[in-house]
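Residue numbers (full-length UniProt numbering): 1 to 702.
Beta carbons: idealized from backbone N, C-alpha and C, even for Gly.
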C-alpha cells in the first residue's frame, strides 16, 4: 500500500512502476492510484489501482517466463545440473545476453522506475535494493560477455527477476484484498433507481437522481439514495451502515439511508442527499482519508525501512569484499558477487513498509462494517494507553428521556386514579417530565384524556380539570401558590431528594395527592459496557450538570467511582484538562455537537450516536449507533489492531535480522548457501506473510 504517494502530473508509481491513474476531480486527494472522487461512490480507487498492478506484474511474469526457459536451457550450469547438454549453438553467449536483456529490462522496469523515484526523494526502499541487485548481476554479465570473457549471471538474473515478478504478483493479490470491505461498501448503492416523474415510474441511473425527486423502492430492493419516506411502510435492514442487525421499521417522515435493504413493503421516498453528500459517500470518504493517516508506529517503521535499505547495500558490499579478499573461494569473484546480490535482494524493507498499512486498511473497513468509523489512525495507538474515558451523563450514559422511578401516595386515592389525573393534565404538555408521566400511564394500561380548561404555569407545571375536579401537576412552588401545604410531607419525600430525583407534585384544589420521582433513564447496556471498560484497566469518569446527589445515584448504579457533578457545559473542557495532568491519556465520549470542545481537547474524541451525521469534525472516532458497547468494541478492536501491527513489525524485523546474515554466507562452512532467486522468493514471501497476518483480524470479528 502506498497511499502517501501524491503528484500533480501524470507518471508512474515509485513503488511499483505502474502508471498513476488521473483523477476526474483535480482537487481530490491524489494518492497512489485512481482514488475515489466521491462524485459517485462507484468510481475506482486504490482497489482498482492494485488490480491494475496485479495484472501488470502477472503479464510481465509470463512474458519473462517465456524468455527465461531458453536462458535456462542455454546455460552451461543448468545443463550440468540436469545432466543434459544442448547442442552447441553459434553465438550462445550472445543469445543469452539478448534473452537476459529482455528479461532484465522489460521484467525489471517497474523496479528501476521505483528506484529512481526513491533516490530522488532520498526515501530508499525495496525498489532500490532490487534495482541494485539485478543491475549489478546484469552489468557484470554483460562485461563478462563482451570484455573479459568469464562467468556470467544471466540465468541467475533471469530467475531472480522472474521470482520477483511472481512475488509481487502474489503480493498485489493479497494487498488488493485488504480493501475488500471498502469495495463492498461502494457496491451497496444500486445502479438503477425507480424515479417517479409525473406519476409515472421510470428507471434511471441512480447518479441521475436529484435532491427533492421521489423514487419508489420495491420489496427486496436496495434504497438508492438517502431520503425521507413520503408514503408506505416497511422494515429496512441497516446493518451494512450501522452494524445493527435488527431491521428498523420505517413509515412516513422516517429517514432512510442509501444502500440499505428494503424488506417487505414498498416505500416512496424523497431524495435528500445524493452522490457525494450521501451518508455512504461520507463513510467511504472517511475510511479512504483515514487510510492515508499514519499512526506514530508507522513513521518508525518507515524510518527503519529506510535504514534497512542502506544497511542491506552496505552488507552486500561487505559480503563482496569479504568473500573476494578475506576468504576467497575457487569460483572467485562470481561466488562473492552471488552472495552480495543475495544479501541485497533478501533484505525486505517492503515487509516493514506493509506491516502497518495492511492492518489499518483492513481494520478501518472492518470497523466501518460494525458502525465504528475511525477518522484518524493515530487514535489506534493512543487508545492502548488510555487511563480515563470520560462520559457525558445525559444522552450518553442515559437515554436523555425521563421515566417515573417512584411514586409516594400521600392520600387515600388509588395510584391508578392519581396517575390518571396527572396524565390527563400532562397530556396537554410536551415537557420531558410530562411525557414521562403520560408514558407511565400508558405503560400501566390506565386510560386518560386531555384535561379541560388546561393552562400552563411557566416553569412550574400545569393546571386542568379532570372529571370536574381541578388538578395541579408541577413543582412544590405551584402547590404553595395554591395554598397547599407541602412541608408536612418532607420526611416522606426525603428519600427522593437524597437520590437526586426530579419531583412532580400532584394535587387537587383541596389536597396533595402524591409526589412522583423521575429520573433520566439509564441505558440498558451501560452497566455491562462500563464493567468491560474497567476490566481493561481503564477508569470511567462521568460528567454531569446534575446535583451531587443525582450524580452519586447514577454513579452507584453504574459502578462509576469517579465523577464530576454541577459541571456547566463550558467547563467540561476544564475537567478533561484536569484529568490529563501528569501525562495521563483521556478519551471523551459525547454527542459530537454539544461536546465538541471537550472532544477536541481529549486525546481521543469519540462521538457516539452520530446516526446519519457521520462528518463530525471534532471527533477522531465516530460511532453511528448510540450504543455504549461500541465504545468497548472500539477499545478492544484498537488493541487487536495494535497487536497485529506489533506482530507484523516483529516478523519483518526478525526476518531481516535472520535472513541477511544467512544470505551473507555465515552457514556456508556447514554447506548451507542461498542463491539470489531463493533470496528473492523469501523476500516476497515475507511481504505476503505480513498481509496474511493482517487478514486474521477478520477472524472472530464480532
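Who are the near neighbours of residue i in its chain, counting only those whose CB is closer than 6 Å to its CB and skipping five residues on each side?
i	result
residue 4	Summary for residue 4: the model assigns pLDDT 44, below 50, so the residue's position carries little reliability, and this model does not support an answer.
residue 474	460, 461
residue 489	410
residue 319	339, 340, 343, 664
residue 655	686
residue 401	521
residue 597	573
residue 102	67
residue 466	421, 424, 451
Using the Cα positions of residue i and residue j, report the straight-line distance between them to the nearest angstrom.
i	j	result
residue 43	residue 276	Any reading at residue 43 must be qualified, since the residue scores a pLDDT of 42, below 50, and its modelled position is unreliable; the value itself is stated next. When rounded, the distance between both Cα atoms is 12 Å.
residue 574	residue 599	12 Å
residue 417	residue 579	50 Å
residue 112	residue 130	8 Å
residue 517	residue 224	47 Å
residue 163	residue 352	20 Å
residue 147	residue 134	19 Å
residue 357	residue 279	25 Å
residue 22	residue 104	In this predicted model, residue 22 has a pLDDT of only 48, less than 50, meaning its place in the structure is not dependable enough to derive any value.
residue 347	residue 284	36 Å
residue 451	residue 497	29 Å
residue 681	residue 281	40 Å
residue 448	residue 272	39 Å
residue 62	residue 237	46 Å
residue 30	residue 625	In this prediction, residue 30 has a pLDDT of 27, which is less than 50 and means its spatial position is unreliable; nothing more can be read from the coordinates.
residue 690	residue 604	28 Å
residue 365	residue 97	48 Å
residue 609	residue 288	22 Å
residue 261	residue 120	50 Å
residue 703	residue 125	Any property of residue 703 remains undetermined from this structure, which presents the chain solely from 1 to 702.
residue 27	residue 286	Legend: pLDDT at residue 27 = 32, less than 50; position of this residue unreliable, no value from coordinates given.
residue 354	residue 660	19 Å
residue 545	residue 425	29 Å
residue 434	residue 442	13 Å
residue 349	residue 678	17 Å
residue 307	residue 158	28 Å
Should residue i be flagged as near chain B, meaning a C-beta pair shorter than 8 Å?
i	result
residue 298	Among the chains in the structure shown there is no chain B, since it carries only a single protein chain.
Can the beta-carbon of residue i be found less than 8 Å from the beta-carbon of residue j?
i	j	result
residue 200	residue 227	no
residue 419	residue 631	no
residue 233	residue 210	no
residue 548	residue 379	no
residue 385	residue 543	no
residue 482	residue 509	yes
residue 520	residue 398	yes
residue 586	residue 602	yes
residue 254	residue 229	yes
residue 486	residue 476	yes
residue 628	residue 550	no
residue 404	residue 437	yes
residue 372	residue 633	yes
residue 165	residue 51	no
residue 153	residue 137	yes
residue 536	residue 635	yes
residue 256	residue 391	no
residue 377	residue 247	no
Residue i and residue j look like a contact to me (Cβ under 8 Å); what is the Cβ gap, rounded to whole Å?
i	j	result
residue 527	residue 558	6 Å
residue 301	residue 685	The Cβ separation is near 19 Å, so there is no contact.
residue 316	residue 344	4 Å
residue 695	residue 362	7 Å
residue 639	residue 697	Actually they are not in contact, since the Cβ atoms of residue 639 and residue 697 sit about 12 Å apart, beyond 8 Å.
residue 259	residue 222	6 Å
Quick one: what's got a C-beta closer than 7 Å to residue i's C-beta in the same chain, skipping five residues either side?
i	result
residue 99	67, 70, 71
residue 514	407, 408, 409, 410, 411, 418, 506
residue 216	194, 196, 201, 266, 268
residue 92	74
residue 116	none
residue 191	205, 206
residue 493	408, 503, 515
Looking only at its chain, what residues have a beta carbon closer than 8 Å to the beta carbon of residue i, apart from the 5 residues adjacent to it on each side?
i	result
residue 539	387, 388, 389, 561, 562
residue 480	486
residue 169	54, 57, 58, 61
> Which runs of the beta strand (DSSP E) spanning at least 3 residues fall entirely within the segment 433-487, listed in chain order?
Replying inline: 452-457, 461-466, 469-474
> Taking only runs of the alpha helix (DSSP H) that begin and end inside the segment 619-669, which ones reach a length of at least 4 residues, in chain order?
Replying inline: If only uninterrupted alpha helix (DSSP H) runs of at least 4 residues are considered, those enclosed by the segment 619-669 are 629-664.
>> Could you tell me which whole alpha helix (DSSP H) segments of length 4 or greater appear in the UniProt domain "P-type ATPase A" (188-287)?
In response: 239-242
> Can you list the alpha helix (DSSP H) stretches of 4 or more residues lying completely in the segment 38-123, in chain order?
Replying inline: 46-74, 76-82, 92-102, 109-121
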